[in-house]
Amino acid sequence: MEHPKYEQTLVIVKPDGVQRSLIGEVISRYERVGLKLVAIKMVIPTEAHVEAHYTLDPNWMRITGEKTIKGYKDKGLLPPSEDPLEITRVVLASLKKYLTAGPVVAMIWEGAHAVKIVRKLTGGTEPLTSDVGTIRGDYVLDSYSMSDLDVRSVRNIVHASGSVEEAEMEIKHWFTETEIQKYRLIQEQIIYDVNLDGIKE
Ligand code: CDP
Ligand code: MG
12 MEHPKYEQTL VIVKPDGVQR SLIGEVISRY ERVGLKLVAI KMVIPTEAHV EAHYTLDPNW
72 MRITGEKTIK GYKDKGLLPP SEDPLEITRV VLASLKKYLT AGPVVAMIWE GAHAVKIVRK
132 LTGGTEPLTS DVGTIRGDYV LDSYSMSDLD VRSVRNIVHA SGSVEEAEME IKHWFTETEI
192 QKYRLIQEQI IYDVNLDGIK E
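Going by our numbering, the first residue of the sequence shown is number 12, and it counts up by one from there.
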């Protein structure tokens with residue numbers, strides 16, 4: 012088995028994150044936990060690239076629709092539809108506009124439990140209920156009800172892969188092999204090495 016320290020995840024600072032000058036803030040949150048940045052670039056994606064990104068997982072449309080319906084019901088609100096796929100069709104159309112509105116910063120972060128750690132620091136999809144201390148909880152005040160009312164995406168600053176399988180597909184979708192660096196950070200010795208040798212003088 013490959014050592015857990017090689018797990019990778021894809022993060023995208025979405026156009027609202029770039030426009031709000033939060034690129035550095037987002038990067039610093041993943042850096043300070045001990046993850047390693049192994050690829051980064053700024054691009055304006057095409058609508059086709061965005062649609063392909065969100066439909067890499069054939070279950071994404073159903074799961075996202077169900078999650079949205081639950082988000083409404085947990086607050087005692089009526090969802091716009093009871094059909095998860097109908098909800099996500101609208102979401103996907105909005106996402107194509109949202110993510111092509113301006114430059115985004117795509118990154119690959121590497122380290123133990125990279126996918127789960129990044130999701131934890133990023134926070135839940137809907138900023139209204141994202142935990143305090145997470146990126147989405149600390150920097151955004153958006154909600155499903157407000158974004159649906161205005162027929163637009165929930166603006167939540169960052170995308171982060173939802174699972175290891177999703178991360179593998181998304182990384183291939185955004186980066187070529189040659190854009191990904193293989194290197195060692197000095198701090199990895201303290202984070203991962205079995206013995207803390209070489210500290211004492
Ligand atoms: O980004 P995350 O994995 O947390 O959520 P998702 O369910 O995979 O949805 C992808 C993105 O679609 C979200 O980050 C939102 O920007 C957007 N979305 C939306 O605008 N309205 C919804 N009801 C659900 C998602
Ligand atoms: Mg997702």
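Just so you know, even glycine gets a beta-carbon here, dropped at the ideal spot from N, CA and C.
Pro95 places its beta carbon less than 9 Å from that of Met72. Residue side-chain check: Lys25 places its Cβ nearer than 8 Å to a non-hydrogen atom of the ligand CDP. When DSSP states are grouped into helix, strand and coil, Gln19 belongs to the strand group.
Residue pairing from DSSP places Val169 in a beta bridge opposite Val24. Every alpha helix (DSSP H) stretch that sits fully inside the segment 107-195 and reaches 4 residues is listed by chain position as 125-133, 146-150, 155-160 and 175-185. A Cβ-Cβ separation of about 6 Å places Ser172 in contact with Val126 under the 8 Å criterion. Within the same chain, and ignoring the five residues on either side of Arg40 in sequence, the residues whose Cβ sits closer than 8 Å to its Cβ are Leu132 and Ile146. Note on the segment 64-93: whole alpha helix (DSSP H) runs with a minimum of 4 residues are 71-85, in chain order. A straight-line Cα-Cα distance of about 42 Å links Thr79 and Gln200.
Per DSSP, Ile34 is one residue of the alpha helix (DSSP H) stretching across Ile34 to Arg43. In the displayed model, Leu96 falls within a helix according to three-state DSSP. Distances from the CA of Lys25 to each of Val37, Arg130, Val101 and Thr140 were compared; the closest alpha carbon is that of Val37. Going by DSSP, Ile202 is part of the alpha helix (DSSP H) stretching over Glu199 to Tyr203. For Gly28, the CB contacts under 7 Å within the same chain, skipping 5 residues up- and downstream, are Ile34, Val37, Ile168 and Val169 in chain order.
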